[in-house]
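In what follows, a structure is listed as structure tokens, so that the remarks can point back to it.
2 protein chains.
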Amino acid sequence: MRPYLVLLVALSLQAAVAEWSYQTSWYEKARQDKVARGTVWPQPRSIDTTSVRYYLDPRNFRLEADSSSAAVSDPECKAVVDHALSRYGELLFWIPEEDRAGVDGDETLDKLVLTITRGCTRYPSLESDESYSILVNSDGATLLAQTAWGALRGLETFSQLIYGENGKHVINGTSISDSPRFPHRGIMIDTARHYLPLPFILRHLDAMAYNKMNVLHWHIVDDQAFPFQSTTFPDLSGKGAYTRKHVYTPDDVSQVLEFARLRGIRVIPEFDTPGHMMSWGQGHPEILTRCYPTSFQPDIYYLGPANPARETTYTFMRKLFEEIRELFADEYFHVGGDEVRFQCWNSNEEVQEFMVQQGFPNSTVGFADLQGYYINRILEILHQVPERTRGIVWQEIFDNFEISGDLTGLNLDTIIHVWEWNDTRYQGEPFREEMAKVTAAGYRTILSSCYYLNYISYGRDWPQYYECDPHDFQGTEAQKQLVIGGEACLWAEWVDSTNFIPRMWPRASAVAERLWSPQDVADSEAASPRMEEQRCRMVRRGIPAQPQGPSYCEYEWNILSQLPNYRPVITSSGPRVTEGLFHNLFLGVLVLAVVKCLA
Amino acid sequence: MRPYLVLLVALSLQAAVAEWSYQTSWYEKARQDKVARGTVWPQPRSIDTTSVRYYLDPRNFRLEADSSSAAVSDPECKAVVDHALSRYGELLFWIPEEDRAGVDGDETLDKLVLTITRGCTRYPSLESDESYSILVNSDGATLLAQTAWGALRGLETFSQLIYGENGKHVINGTSISDSPRFPHRGIMIDTARHYLPLPFILRHLDAMAYNKMNVLHWHIVDDQAFPFQSTTFPDLSGKGAYTRKHVYTPDDVSQVLEFARLRGIRVIPEFDTPGHMMSWGQGHPEILTRCYPTSFQPDIYYLGPANPARETTYTFMRKLFEEIRELFADEYFHVGGDEVRFQCWNSNEEVQEFMVQQGFPNSTVGFADLQGYYINRILEILHQVPERTRGIVWQEIFDNFEISGDLTGLNLDTIIHVWEWNDTRYQGEPFREEMAKVTAAGYRTILSSCYYLNYISYGRDWPQYYECDPHDFQGTEAQKQLVIGGEACLWAEWVDSTNFIPRMWPRASAVAERLWSPQDVADSEAASPRMEEQRCRMVRRGIPAQPQGPSYCEYEWNILSQLPNYRPVITSSGPRVTEGLFHNLFLGVLVLAVVKCLA
Chain R
65 MRPYLVLLVA
75 LSLQAAVAEW
85 SYQTSWYEKA
95 RQDKVARGTV
105 WPQPRSIDTT
115 SVRYYLDPRN
125 FRLEADSSSA
135 AVSDPECKAV
145 VDHALSRYGE
155 LLFWIPEEDR
165 AGVDGDETLD
175 KLVLTITRGC
185 TRYPSLESDE
195 SYSILVNSDG
205 ATLLAQTAWG
215 ALRGLETFSQ
225 LIYGENGKHV
235 INGTSISDSP
245 RFPHRGIMID
255 TARHYLPLPF
265 ILRHLDAMAY
275 NKMNVLHWHI
285 VDDQAFPFQS
295 TTFPDLSGKG
305 AYTRKHVYTP
315 DDVSQVLEFA
325 RLRGIRVIPE
335 FDTPGHMMSW
345 GQGHPEILTR
355 CYPTSFQPDI
365 YYLGPANPAR
375 ETTYTFMRKL
385 FEEIRELFAD
395 EYFHVGGDEV
405 RFQCWNSNEE
415 VQEFMVQQGF
425 PNSTVGFADL
435 QGYYINRILE
445 ILHQVPERTR
455 GIVWQEIFDN
465 FEISGDLTGL
475 NLDTIIHVWE
485 WNDTRYQGEP
495 FREEMAKVTA
505 AGYRTILSSC
515 YYLNYISYGR
525 DWPQYYECDP
535 HDFQGTEAQK
545 QLVIGGEACL
555 WAEWVDSTNF
565 IPRMWPRASA
575 VAERLWSPQD
585 VADSEAASPR
595 MEEQRCRMVR
605 RGIPAQPQGP
615 SYCEYEWNIL
625 SQLPNYRPVI
635 TSSGPRVTEG
645 LFHNLFLGVL
655 VLAVVKCLA
Chain C
65 MRPYLVLLVA
75 LSLQAAVAEW
85 SYQTSWYEKA
95 RQDKVARGTV
105 WPQPRSIDTT
115 SVRYYLDPRN
125 FRLEADSSSA
135 AVSDPECKAV
145 VDHALSRYGE
155 LLFWIPEEDR
165 AGVDGDETLD
175 KLVLTITRGC
185 TRYPSLESDE
195 SYSILVNSDG
205 ATLLAQTAWG
215 ALRGLETFSQ
225 LIYGENGKHV
235 INGTSISDSP
245 RFPHRGIMID
255 TARHYLPLPF
265 ILRHLDAMAY
275 NKMNVLHWHI
285 VDDQAFPFQS
295 TTFPDLSGKG
305 AYTRKHVYTP
315 DDVSQVLEFA
325 RLRGIRVIPE
335 FDTPGHMMSW
345 GQGHPEILTR
355 CYPTSFQPDI
365 YYLGPANPAR
375 ETTYTFMRKL
385 FEEIRELFAD
395 EYFHVGGDEV
405 RFQCWNSNEE
415 VQEFMVQQGF
425 PNSTVGFADL
435 QGYYINRILE
445 ILHQVPERTR
455 GIVWQEIFDN
465 FEISGDLTGL
475 NLDTIIHVWE
485 WNDTRYQGEP
495 FREEMAKVTA
505 AGYRTILSSC
515 YYLNYISYGR
525 DWPQYYECDP
535 HDFQGTEAQK
545 QLVIGGEACL
555 WAEWVDSTNF
565 IPRMWPRASA
575 VAERLWSPQD
585 VADSEAASPR
595 MEEQRCRMVR
605 RGIPAQPQGP
615 SYCEYEWNIL
625 SQLPNYRPVI
635 TSSGPRVTEG
645 LFHNLFLGVL
655 VLAVVKCLA
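Note that the protein sequences, when read in sequence, are chains R and C.
Be aware that the first sequence starts at 65, since it is given in the numbering used here, and climbs by one per residue.
Be aware that the second sequence starts at 65, since it is given in the numbering used here, and climbs by one per residue.
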């Protein structure tokens, strides 16, 4: 027996030694060059870092608002700041208790003091000031912002400056002065091709905040489904949603809005019109154009775009928009306008007669005139709803006015959303020509053409988004000023809650940095180590951002281990409360028993 | 006030009416053609369905093993069957209590009786009989199989036959006779490019069982990392894993094996050699070939393939394989053999001298000879480990013996795994030529070339896998018999736990049906409605299988709502127990208090 015993002891010793003598692997060594710990994404406008390290003790560190500033004295500021301080209190430290090392004897940083110098609005807007500055040195750490929205950006940056080293949370001496390059940094989500359960939208909003994105463009309805539950017209979702469970109630919308507001994110709804409205026709066929002949078409296709010839269409839209405007807070409203099939209008006698009345020729120009007429009526309604609203439209609206030869026909407060890539009218990258034309005509614009995240391909694809600049077109400085930003779009034909977040992130992070950081921060190779850090930071915070090449994160995505037990879980439309209910009842009975006993 | 009240009442009424008058939307109507409820995936060899409906009452329905059969009398059968009956007891019914309708007055089905006619082995193998038959009629429901493995396939089928209708669980009269077309229906996972936390591997095994896949090919280590924790050579993972947390302990491996066994799934490990071994060199550089000159190469690349010239290499591999063979149960072991860089061997004097000794010329033929020599030593070791093991190798091994002009040099019990797609030596689809050559030489083969799921593209891409048939090559009937099956491969350069499951499923389901169902079940259009049903079935069961076009599932993937609370969750290497601990302590104190009070 003795040789076996010796062998056993030897093996145990060897295992123990191996555990203690654990060394950095070659891949880890290689990765240390690939990952830039404690770096900020998106890159700030100006950042200086010293080699002096300050250590943070999670038990003692405090995030504080300067009580003499608007952060406390202005109630609108205070509400946002209080919530943010609580959130970031949790996000600053992530090394699990059991892996933490003490910081006695190290130079420590005990608090961050936040000061807001101006004041706050209830909701963020296109005009919000998001600038902030951070100073970390031996005197302590300060964060200075003009508004709560700037304070949010600064808190995010501060949280990203902290990195882990030998079980300690560390921050280097730092001086940052930062503000965004573009005020409109958006992401479009599509809840019509697939329904997204509410918690996924909320978690996505968190990810947006981690990347300083500030506009959720909610393409909420489309041909396939009408999940928005209108109280004015309940049949829209009652007959147009996939099922009665696949809807967003007014309360759901309010939750999204409040969750977004607290993160400095605007929510802009899109109710696409006059095209992409098939699902509206289930509950309200009267507002759509009937296409002829229908005999050769399947039943479901017989309704086309909105019927521009009927006054009742506009009455309907006005009522709906009044409801929507009351629910959503933003000054802007996306009314679509893309991909309208003129053939259907052309086939309908009522529409034809209307065109004759209006003096529109029966030609492409005439249909462009007709769509121009329609959209102007819609924009007019927006202007008239109780709180004046301005429109955002897809580029076809601009193009149609160009075809009509009447670019002055469209209100200049309208924002043109450029999205087409393969425009047959141009060679090369036509969206650059479109940007030039739109801004030359004096319209503000948002770029999405090169930020379509739904198109996927094998391998590392974020550099293509990263390297596409919204100012990269021929135009004057005044024209460039009219570019208010861009939006990453994730159309949802192939995306639902199963793959929404990993497909979005960190690819949308590339767009985030393009829109926030200075124009010359544009080298994707140089950005890679920060991108790696940002990806793992998101994973650590509960965002399953997909990998960008062989690597690992210190804290891997392991959501399955978070579930009560491993058995495959039926996830129906909402959280199951029964278990918690019984549990609480049981607890309540116990507590009562104790109280009664003691009495 | 009155008009408001009237309006309020009217609105409430309207909402109530809308709720009651909820109608099937046009999209739902369209979808009813697109989804085939209660259909089976993969399609059984023979299935007849009647229009007679039987209703199942979840409170009373029983899954029973026929006690006079091997399902109870054979202890190996019983262990697998008991576990399966418990699992499927949960999977059969999914309509939430609150949505269920009673089945009083309907013709009900009260139980399924399972009979096993032959007996069981502890582990499934290449030779396992997976056939089964099912009969559902007015006499009841029976499932007949020769082995526990067949019983598992039958239970899966039975669970898929049940569909929901108006709140009731329904099954139609059915007669099925089924068995797989190929005995080896595998999926390759790669845990070296990215580490997969254990729960994800387990959940993936569940998904495999739902698709009747029966081989997990575990490409466990590679250049980037060595996560397998060897007790014989702890430095392999101690220095070659990403971190000390990114490892699979022997206990982890045992968990995977047992979880797989209970689902009739074989686990075949791959320890790729002599190439793809860079991570081995961190702990054991002595077994790799040093490449010269190194001056121009980064430090991490100076070690190449295994050193075939040293006897110590073989001693090392023998010890490691003995350990692995004891841990893994399968008769087959994948030893890789792909993508070996001959330049490194060519640069090393020791290897050159060895080649001269062995009489291998200094040419491509000579290096092919050398790799042939090496792999034969490895296969010989496999044959000699306590439980004789057979090898599976990537196709290069076969190709090299062909280059050496000595196809008889490779043991005929070796299985050749065909994977190359773009082979410059052939035009068209070279893997078909390779299949022909390999089988003509008398070797058994597995096809993967057209099942590489890591390559992604925009849109609906499963038909390309579905339509690629392993028998589609020029060869005799005897040659076709040598094709034992195929494997879907998901190389993990761009995949980790954040996107592993949605990228795998339901695309791997296409391969599953190709390998299980008769050859003429090959029309992807015809298969689509069943694919839709299978996708949503997986989602319902906790597998986030991604969508295949605009649609919805009755029960959407909503894992976030399953979490204890919504705050982004730090997921470290294991579940956090602290919360539960405190909770239980609190509960314990309460219970003690009650007990003490009552005493």
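Cβ coordinates follow ideal geometry from the N, Cα and C atoms, glycine included.
Nearest-angstrom Cα distance between glutamate 194(C) and alanine 552(C)? 20 Å
Helix, strand or coil at proline 357(C) according to DSSP, with G and I counted as helix: coil
Tell me whether the region 526 to 545 of chain R and the region 504 to 516 of chain R touch, counting them as touching only if at least three CB pairs, one residue from each stretch, are closer than 8 Å. yes
Would you mind telling me which residues of chain C sit closer than 7 Å to phenylalanine 292(R), beta carbon to beta carbon, in chain order? Those do not exist, as phenylalanine 292(R) stays about 13 Å from chain C at its closest Cβ, beyond 7 Å.
Identify which residue in Leu260(C), Ser150(C), Thr255(C) and Leu190(C) has its Cα closest to the Cα of glutamate 220(C). The shortest Cα separation from glutamate 220(C) among Leu260(C), Ser150(C), Thr255(C) and Leu190(C) belongs to Ser150(C).
Presumed contact (8 Å Cβ cut-off) between glutamine 293(C) and valine 320(C), rounded CB distance: Glutamine 293(C) to valine 320(C), Cβ: 13 Å. No contact.
Thinking valine 285(C) and isoleucine 235(C) are a contact (beta carbons under 8 Å), I'd like their distance in whole angstroms, please. Wrong, their Cβ atoms sit about 45 Å apart, outside the cutoff.
Does the contact criterion of 3 or more C-beta pairs under 8 Å hold for the region 119 to 135 of chain C versus the region 154 to 163 of chain C? Contact between the region 119 to 135 of chain C and the region 154 to 163 of chain C is present, because at least three Cβ pairs lie under 8 Å.
Determine, for threonine 313(C), whether the minimum Cβ-Cβ distance to residues of chain R falls below 8 Å. no
With DSSP as the reference, identify every bridge partner of phenylalanine 292(R), one or two as the case may be. Tyr312(R)
Can you check which of these residues, Ala165(R), Glu162(R), Thr185(R) and Val167(R), is closest to proline 139(R) by C-alpha distance? Thr185(R)
Where proline 122(C) meets chain R, residues with beta-carbon distance less than 9 Å: Under the 9 Å cutoff, chain R gives no residues; its nearest Cβ is about 13 Å from proline 122(C).
So for cysteine 553(C), helix, strand or coil by DSSP? strand
If we ignore side chains and look at the alpha-carbon of each, how far apart do alanine 572(C) and glycine 523(C) end up? 16 Å
Taking the alpha-carbon positions, what's the tyrosine 86(R) to leucine 446(C) distance? Bear in mind that a pLDDT of 34 at tyrosine 86(R), under 50, signals an unreliable position, so the number given afterwards is only what the model happens to contain. Taking the straight line joining both Cα atoms gives about 30 Å.
Methionine 595(C) in three-state terms, based on DSSP: helix
State buried or exposed for tryptophan 485(C), treating a residue as buried only when at least 16 other CB atoms are found within 10 Å of its CB. exposed
Could you pull out every residue in the same chain whose Cβ sits closer than 8 Å to the Cβ of glycine 539(R), ignoring the five residues on either side in sequence? Excluding residues within five positions, the ones whose Cβ falls inside 8 Å are Met499, Ala500, Thr503 and Ala504.
Which one of Gly436(R), Ala305(R) and Met381(R) has the shortest CA to CA distance from cysteine 617(C)? Nearest of Gly436(R), Ala305(R) and Met381(R) to cysteine 617(C), Cα basis: Ala305(R).
Please confirm if tyrosine 529(R) has its CB atom under 8 Å from at least one CB of chain C. no
What residues in its chain sit with their C-beta under 8 Å from that of glutamate 430(R), if we drop five residues either side in the sequence? Residue 430(R) is actually glycine in this sequence, not glutamate. For glycine 430(R), where only same-chain residues beyond five positions count, the Cβ hits under 8 Å are Met419 and Phe424.
Start-to-end residues for the alpha helix (DSSP H) that takes in aspartate 584(C): Note, aspartate 584(C): premise wrong, no alpha helix (DSSP H); not H, not E.
Cross-chain neighbours of histidine 268(C) in chain R, by beta carbon under 7 Å: Neighbours of histidine 268(C) on chain R: none; closest Cβ ~10 Å, over 7 Å.
Here's a check: name, in chain order, each residue in its chain whose Cβ is nearer than 6 Å to the Cβ of histidine 233(R), leaving out the five neighbours to either side. Leu120, Phe157 and Ile226
Compute the Euclidean distance between the alpha carbons of alanine 289(C) and valine 167(C), then round it to the nearest angstrom. 56 Å
State the Cα-Cα distance for the pair glycine 328(C) and proline 570(R), rounded to the nearest angstrom. 38 Å
Which class does tyrosine 196(C) belong to by DSSP, given the choice of helix, strand or coil? strand
What do you get for lysine 660(C), buried or exposed, if any count of 16 or more other CB atoms within 10 angstroms of its CB means buried? exposed
For glycine 606(C) and tryptophan 621(C), I'd like the C-alpha separation in whole angstroms. 7 Å
Are any of the Cβ atoms in chain C nearer than 8 Å to that of glutamate 128(R)? no
Looking at chain R, is there any beta carbon in it that lies within less than 8 Å of the beta carbon of alanine 552(C)? no
Integer-rounded CB distance, given that leucine 326(R) should sit under 8 Å from valine 144(R): About 6 Å separates the two Cβ atoms, so the contact holds.
Nearest chain R C-beta to asparagine 464(C) closer than 8 Å, yes or no? So no, asparagine 464(C) is outside the interface.
Short CB-CB distance (under 8 Å) between glutamine 224(C) and chain R: no
Pairs of beta-carbons, one from the region 401 to 411 of chain R and one from the region 341 to 355 of chain R, closer than 8 Å: are there three or more? yes
Using beta carbons (cut-off 8 Å, strictly below), is proline 614(R) in contact with chain C? yes
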